[in-house]
Amino acid sequence: MSTMVKAEAVHKSFGPVHVLQGIDLEVRTGEVFCIVGPSGSGKSTFLRCINHLEKINAGRLYVDGTLVGYREKGGKLYELRDREVAAQRRDIGMVFQRFNLFPHMTAVENVMEAPVQVKRVPKAEARKRAEDLLDRVGLADKRESYPAQLSGGQQQRVAIARALAMDPKLMLFDEPTSALDPELVGEVLDVMKALARDGMTMVVVTHEMGFAREVGDSLVFMDGGVVVESGDPREVLGNPRHERTKSFLSKVL
Amino acid sequence: MKTPTEATESDGTPPSRDVPEAIKAIPVRHWGRYVSAVVVLVLLALLVRAFATAEGLRWGSVGDFFFDDQILEGVKNTLVVSVLAMLMGLVLGVILAVMRMSKNPVTSSVAWGYIWVFRGTPIYVQLLLWFNLALIFPILDIMPIYKDEMTDVMTPFMAALLGLGLNEAAYMAEICRAGIQSVDEGQTEASQALGMTQAQNMRRVVLPQAMRVIVPPTGNEFINLLKTSSLCSVVMYEELLRKGQNIGNTSSAVVELLMVATVWYLVITSVFSVGQYYLERRFARGSSRQLPDTPWQRARKNLFTFGRGTGSGAQGAGGIGA
Chain E
1 MSTMVKAEAV
11 HKSFGPVHVL
21 QGIDLEVRTG
31 EVFCIVGPSG
41 SGKSTFLRCI
51 NHLEKINAGR
61 LYVDGTLVGY
71 REKGGKLYEL
81 RDREVAAQRR
91 DIGMVFQRFN
101 LFPHMTAVEN
111 VMEAPVQVKR
121 VPKAEARKRA
131 EDLLDRVGLA
141 DKRESYPAQL
151 SGGQQQRVAI
161 ARALAMDPKL
171 MLFDEPTSAL
181 DPELVGEVLD
191 VMKALARDGM
201 TMVVVTHEMG
211 FAREVGDSLV
221 FMDGGVVVES
231 GDPREVLGNP
241 RHERTKSFLS
251 KVL
Chain P
1 MKTPTEATES
11 DGTPPSRDVP
21 EAIKAIPVRH
31 WGRYVSAVVV
41 LVLLALLVRA
51 FATAEGLRWG
61 SVGDFFFDDQ
71 ILEGVKNTLV
81 VSVLAMLMGL
91 VLGVILAVMR
101 MSKNPVTSSV
111 AWGYIWVFRG
121 TPIYVQLLLW
131 FNLALIFPIL
141 DIMPIYKDEM
151 TDVMTPFMAA
161 LLGLGLNEAA
171 YMAEICRAGI
181 QSVDEGQTEA
191 SQALGMTQAQ
201 NMRRVVLPQA
211 MRVIVPPTGN
221 EFINLLKTSS
231 LCSVVMYEEL
241 LRKGQNIGNT
251 SSAVVELLMV
261 ATVWYLVITS
271 VFSVGQYYLE
281 RRFARGSSRQ
291 LPDTPWQRAR
301 KNLFTFGRGT
311 GSGAQGAGGI
321 GA
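If you're matching them up, the sequences are chains E and P in order. Going by the UniProt record's numbering, the first residue of the first sequence is number 1, and it counts up by one from there. Going by the UniProt record's numbering, the first residue of the second sequence is number 1, and it counts up by one from there.
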C-alpha cells in the first residue's frame, strides 16, 4: 500500500511555544487515520501543517510523495509561491470545527465555488455536480438555503460536500463534531463513515472514540507535541500501554 | 383542574389543556405622554407660523427661484463633484487600505502617513491649499509628458475635486480596512484550503462580506461629502450654495436663496438615503435568516390586511434615515 502522508521529525513553534516537538508518522492511501489527544497537544496544529495553513519550522512533510510548501533543490529549500501552494491544496480537502461556510452564498453556491473559481469548471456542470454532492450528504432539499438557515449538523455536511467538490485525494477533518449539539453529531459521523467506506483517505482529529474504534484503521495518541502511542484503534483504545494514554482515556470514555 | 379536550383524540397530539380566555385588560393610561405630545406640537406650530409669516422671508421668491436655471446648474455641479470625489475616494481608499495591511513596512507606513495628514487637517485648509498651489509651483512640469501653467490646470473644479477626493480617500481607507478586518479569519482559511489564491479569496470571499460593514458608513460618508461640497464655494467652484449666493446678492434675496439651497440639499440627501437603504439590504444577504420587508413592502402588506384585524399593524414607520 502506498503512502499518502509522511511526516519526518516535524517541529512547529508559535513564538516561544513549542507546539510540535518532532512528529513522525505515516498515513497509508485509503485508510482512516485518527488523531486523538487532550487539547493543546498539537493535534489540530499538525493537521493544519498538512495543507500548509501553518508553516513547519523543522522536519519534512510529504503528501503523496511531494514536499508540502517547499521545493528542495541542491540541498536547499525554496518557499513556494502563493499560487503554487494553492495548487498543492486543491487535492487536499479540509473540514473545520466551526464549518467556515461562506455565509453570503447558498449551500449549492458554497459547494460549486471552488470548482468554478479554481478549476474553471463551467457553471452549469459545477452546479449539477454540487447538487449531486448535496444529495449524497442528505441535503437535497437545502440547496438554496443560506448557512444561517441551516443547523450545525447540516452546515457541517455542506462543508464536507464543499471539500469533496474538488475531488481531493486526501480529506482532513479538524474536530468536525466538536461544535455540534450532541443529537446532531450522528448525522455528520454517518456521512464520514460513508466516505470511509468509499475508500477516501482521511486524517481525522476527533474526540469521538466510538467513531475511531468503528471506522479507524490507525490511531495515534498525541500529548505535549509528540506521538505517545500509535497502532490499531481498537488495540490502543482498548488496551493502552502508556500511563498518559490510560489516564486520558479514563477521562473521556 | 382542567380535563384534556376531546379534540386531541383524532390528531394524536399529546393532550393539551383548554386555552384560557385571552386577557382583555384596560391598558395603563400614560397621561404624561399626551401632555408632552401636545406641548411639542404647540411649540412646533409656533415655529412654523413664525417662519411662514416672517416679514423678511418672501416664500414666493423661494418658489420662483427653486427651478431657476442657475440653481439647477448648481445642483448639477454639486452632484458632479460629489460623485467624482466619492469615486476617487473609493478607489484610492481601497488602495490605501490594502497598502496599510500589507506586510511591506514601506507601503504600510506611506499609507499611514497619508491618512495621518489628510485626516489631521481641516478640509477647508486643504481646499485652499489646492486652489493656491500655483503660488508654490507656478509651473506644472511632469517631465516628459506635460508642462503648463499651474493656474490653467488648477481650475476651481480641479481644486474642489482634489480637495474633496483626496480627503475622502483617507476616510474610506480606514472604513475599508475595518471592513476587511471584520471578516472572520476562518473564511480565509476555508478558501485557502480549497486551493483559492489570495486574490480569489479577497474578491470572492472577503470583500463581499466586508461590504456589509463597509456600505453603511460609506453611505454616510457620501452624504457628508454632498454637504461638505458646499465648502467648495471658497475655491470659486460654482456649486449649489455659491450659485444661490450669487443670485441672492444681485437680487437682494439672500435668505430666500439660502432656503432654496437648504431644501435642495435636503432633497438630494433624502434621495441618496433611500438608495443607501436598498444597497445595505442587498449586502445583508445570508447574514440573517430572513431579510426584513422594505418600507414599501410593509406598506403594501398593511394595505391588504387593513380593516381585517389580522394585520400586525404599523410596526414602526419606514426605517429610512441617514
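Beta carbons: idealized from backbone N, C-alpha and C, even for Gly.
Residue closest to residue i, alpha-carbon to alpha-carbon, out of the options
{"i": "Arg119/P", "options": "Leu166/P, Asp184/P, Phe67/P", "result": "Leu166/P"}
{"i": "Ile23/E", "options": "Glu31/E, Phe46/E, Glu243/E", "result": "Phe46/E"}
{"i": "Leu79/P", "options": "Tyr278/P, Ile223/P, Gln245/P, Thr294/P", "result": "Ile223/P"}
{"i": "Leu170/E", "options": "Ala124/E, Val95/E, Pro115/E, Leu139/E", "result": "Val95/E"}
{"i": "Arg242/P", "options": "Met154/P, Thr250/P, Ser233/P, Val98/P", "result": "Ser233/P"}
{"i": "Ala173/P", "options": "Val62/P, Met88/P, His30/P, Asp68/P", "result": "Met88/P"}
{"i": "Gly219/P", "options": "Gln187/P, Ala170/P, Leu279/P, Ala210/P", "result": "Leu279/P"}
{"i": "Phe137/P", "options": "Glu238/P, Phe131/P, Met150/P, Val125/P", "result": "Met150/P"}
{"i": "Gly199/E", "options": "Arg129/E, His11/E, Val32/E", "result": "Val32/E"}
{"i": "Ser229/P", "options": "Ile145/P, Ala159/P, Gly63/P", "result": "Ala159/P"}
{"i": "Phe14/E", "options": "Glu229/E, Lys251/E, Gly225/E", "result": "Gly225/E"}
{"i": "Ala165/E", "options": "Lys119/E, Gln149/E, Glu183/E", "result": "Lys119/E"}
{"i": "Gln156/E", "options": "Pro103/E, Leu20/E, Ala58/E, Gly30/E", "result": "Pro103/E"}
{"i": "Phe283/P", "options": "Val205/P, Tyr34/P, Asn104/P", "result": "Val205/P"}
Assigned secondary structure, residue i (DSSP; H/G/I helix, E/B strand, else coil)
{"i": "Thr250/P", "result": "helix"}
{"i": "Asp135/E", "result": "helix"}
{"i": "Val228/E", "result": "strand"}
{"i": "Phe137/P", "result": "coil"}
{"i": "Gly22/E", "result": "strand"}
{"i": "Ala9/E", "result": "strand"}
{"i": "Leu172/E", "result": "strand"}
{"i": "Arg119/P", "result": "helix"}
{"i": "Gly59/E", "result": "strand"}
{"i": "Val183/P", "result": "coil"}
{"i": "Thr66/E", "result": "strand"}
{"i": "Gly93/E", "result": "strand"}
{"i": "Leu57/P", "result": "coil"}
{"i": "residue 332/P", "result": "Residue coverage of chain P in this structure runs from 1 to 322, which leaves residue 332/P outside it and unanswerable."}
{"i": "Met200/E", "result": "coil"}
Check whether residue i and residue j have beta carbons under 7 Å apart
{"i": "Asn100/E", "j": "Ala199/P", "result": "no"}
{"i": "Leu225/P", "j": "Gly74/P", "result": "no"}
{"i": "Gly153/E", "j": "Glu187/E", "result": "yes"}
{"i": "Ala85/P", "j": "Arg100/P", "result": "no"}
{"i": "Arg213/E", "j": "Leu189/E", "result": "no"}
{"i": "Arg60/E", "j": "Glu8/E", "result": "yes"}
{"i": "Ile175/P", "j": "Ile123/P", "result": "no"}
{"i": "Gly40/E", "j": "Leu20/E", "result": "no"}
{"i": "Ala137/E", "j": "Ala161/E", "result": "The question names Ala, but residue 137/E is Val in the sequence shown. Yes, the pair counts as a contact, with Cβ atoms nearer than the cut-off."}
{"i": "Met105/E", "j": "Ala126/E", "result": "no"}
{"i": "His11/E", "j": "Asn57/E", "result": "yes"}
{"i": "Val158/E", "j": "Asn110/E", "result": "yes"}
{"i": "Pro38/E", "j": "Phe248/E", "result": "yes"}
{"i": "Val175/E", "j": "Gln97/E", "result": "In the sequence as displayed, the identity of residue 175/E is Glu instead of Val. Cβ atoms of Glu175/E and Gln97/E: closer than 7 Å."}
{"i": "Tyr62/E", "j": "Lys6/E", "result": "yes"}
Buried or exposed by the 16-neighbour rule on C-beta atoms within 10 Å, applied to residue i
{"i": "residue 286/E", "result": "No statement about residue 286/E is possible, as the shown extent of chain E runs from 1 to 253 and does not include it."}
{"i": "Asp223/E", "result": "buried"}
{"i": "Trp264/P", "result": "buried"}
{"i": "Asp167/E", "result": "exposed"}
{"i": "Pro233/E", "result": "buried"}
{"i": "Glu9/P", "result": "Because the pLDDT at Glu9/P is just 45, under 50, the model does not fix this residue reliably, and the value given afterwards should be weighed accordingly. Exposed."}
{"i": "Ser2/E", "result": "exposed"}
{"i": "Glu21/P", "result": "exposed"}
{"i": "Leu150/E", "result": "buried"}
{"i": "Glu229/E", "result": "buried"}
Rounded C-alpha distance that separates residue i from residue j
{"i": "Lys147/P", "j": "Phe157/P", "result": "19 Å"}
{"i": "Ala86/E", "j": "Ile92/E", "result": "10 Å"}
{"i": "Ala37/P", "j": "Thr53/P", "result": "24 Å"}
{"i": "Ser182/P", "j": "Glu221/P", "result": "19 Å"}
{"i": "Tyr237/P", "j": "Phe272/P", "result": "22 Å"}
{"i": "Glu185/P", "j": "Met196/P", "result": "15 Å"}
{"i": "Gly179/P", "j": "Val235/P", "result": "34 Å"}
{"i": "Thr206/E", "j": "His18/E", "result": "22 Å"}
{"i": "Leu139/E", "j": "Glu208/E", "result": "23 Å"}
{"i": "Pro122/E", "j": "Leu195/E", "result": "26 Å"}
{"i": "Glu72/E", "j": "Glu84/E", "result": "14 Å"}
{"i": "Ala169/P", "j": "Ser82/P", "result": "13 Å"}
{"i": "Gly216/E", "j": "Met4/E", "result": "16 Å"}
{"i": "Val27/E", "j": "Ser102/P", "result": "37 Å"}
{"i": "Glu243/E", "j": "Phe221/E", "result": "12 Å"}
{"i": "Asp82/E", "j": "Pro147/E", "result": "29 Å"}
{"i": "Asp293/P", "j": "Leu140/P", "result": "54 Å"}
Neighbour list for residue i in chain B, Cβ cutoff strictly below 9 Å
{"i": "Glu113/E", "result": "Although the question refers to chain B, the structure presented lacks it and instead comprises the protein chains E and P."}
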